[in-house]
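The UniProt record's numbering numbers the first residue of the sequence shown as 1 and each following residue consecutively.
Ideal placement from N, C-alpha and C gives every residue a C-beta, glycine not left out.
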Amino acid sequence: MKQHFTSVWTREPRTSRSPALSRDQIVRAAMELLDAEGLDALSMRRLGARLGSGATSIYWHVANKDELLELVMDEVFGKVPLPDPSVIGWRDTASVFAYGLRATLFAHPWAAALIGTRPALGPNAMELAAQLLRTFTLAGFKGLEQDYASSALMSYVLGATTPELTWRRITNTGEMSAEKVLATMRPLVQKASRNHPELAARHAEYYGTEIDVETTRLLSFDFGLMCFLDGLQARLGQAHPEHEAGRVETADPRKA
């Protein structure tokens with residue numbers, strides 16, 4: 001059967017018969033519910049109860065739950081900072097985006113599971129996409145490589161951050177402290193790595209020192225991000241030797 005994709009952003013807004021309830025109120029309440037209880041807790045019925053109205057009132061503003069999720073996802077994208085790359089340069093702009101998206105996902109961990117599952121066509125998502133395009137155009141990428149660079153940056157942040165979200169869920173909800181997780185894992189790792197002495201010795205070093213898990217994860221994220229950006233810069237240098245230190249000589253758009 002042929003499927004047709006729709007989006008809340010591409011249809012005409014509905015005329016509400018519930019003037020006491022606005023779409024902004026609905027999105028705000030949905031975000032609060034998601035932040036407090038997670039993705040599985042969201043339903044039109046529960047959202048209506050939170051707003052003090054029936055689910056029918058919500059349907060005057062959104063056709064279904066998918067549309068609601070599009071709205072809250074765009075709200076999330078609106079919280080990711082992305083400065084003007086012509087002011088601070090493409091590398092710093094990409095770094096600000098990466099750290100901003102990481103922090104936003106920490107604040108709204110349910111959002112990680114939604115990215116890529118539905119069209120990102122809202123105004124905040126479009127602004128982010130346009131600014132990333134400007135960023136990698138300024139860097140010197142051309143054509144499809146501009147899109148590949150943006151996609152790879154997003155993929156790196158999601159890939160690096162998703163395990164951190166799981167760790168935080170386990171350790172921050174009282175299921176198990178970070179210290180207990182490490183203590184539980186130690187004998188398991190020792191047994192699993194008994195045929196790999198180099199790996200066993202490496203893990204033994206961890207347990208022989210006091211580990212600040214949050215700092216270690218932050219340093220790991222930064223290491224990966226710098227390697228990623230160095231790789232982009234090296235690729236630019238191979239394709240365009242005139243690009244030095246990641247900088248492209250272009251006309252200043254502010255003087256146009």
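By how many angstroms is the C-alpha of residue j removed from the C-alpha of residue i?
| i | j | result |
| --- | --- | --- |
| T215 | D222 | 10 Å |
| T137 | A20 | 45 Å |
| T135 | A94 | 7 Å |
| I170 | R102 | 18 Å |
| L121 | S53 | 28 Å |
| A139 | E198 | 41 Å |
| V72 | A29 | 10 Å |
| D92 | P81 | 12 Å |
| L158 | W60 | 34 Å |
| residue 265 | D84 | Outside the shown range of the chain (1 to 256) lies residue 265, about which nothing can therefore be said. |
| N195 | P187 | 14 Å |
| V27 | L114 | 16 Å |
| F106 | L229 | 22 Å |
| S151 | R11 | 27 Å |
| A129 | E205 | 42 Å |
| residue 258 | D35 | The first residue shown for the chain is 1 and the last is 256, placing residue 258 beyond what the model contains. |
Mapping DSSP to helix, strand and coil, what is residue i?
| i | result |
| --- | --- |
| A36 | helix |
| D212 | coil |
| A98 | helix |
| R194 | coil |
| G116 | coil |
| N124 | helix |
| K65 | helix |
| H108 | coil |
| A251 | For A251, the predicted model reports a pLDDT of 35, less than 50, meaning its position is unreliable; a value from the coordinates is still stated below. Correct three-state label for A251: coil. |
| R11 | coil |
| F141 | coil |
| T6 | coil |
| L132 | helix |
For residue i, which residues from the same chain have a beta carbon less than 7 Å from its beta carbon, with the 5 sequence-adjacent residues on both sides left out?
| i | result |
| --- | --- |
| A256 | Because A256 sits at a pLDDT of 32, beneath the cut-off of 50, its placement in the model cannot be relied upon, and the following sentence gives the value as read from the coordinates. Counting only Cβ-Cβ distances below 7 Å, and skipping sequence neighbours, we find nothing. |
| A149 | F136, F141, L232 |
| Q131 | L82 |
| G48 | G54, A55, S57, I58 |
Where do the N-terminal and C-terminal ends of the alpha helix (DSSP H) with residue i fall, by residue?
| i | result |
| --- | --- |
| G54 | Careful: G54 lies outside any alpha helix (DSSP H) and carries neither H nor E. |
| G159 | 144-172 |
| residue 257 | Within the shown structure, residues of the chain are numbered from 1 to 256, placing residue 257 beyond reach of any answer. |
What does a CB cutoff of less than 6 Å around residue i pick up in its chain, not counting 5 residues either side in sequence?
| i | result |
| --- | --- |
| G231 | none |
| T6 | none |
| W9 | L121, G122 |
| N124 | D74, F77, G78 |
I'd like the list of long-range same chain contacts for residue i, defined as Cβ closer than 8 Å, with 5 residues on each side in sequence excluded.
| i | result |
| --- | --- |
| Q146 | L133, F136, T137 |
| T162 | A112 |
| R217 | E164, W167 |
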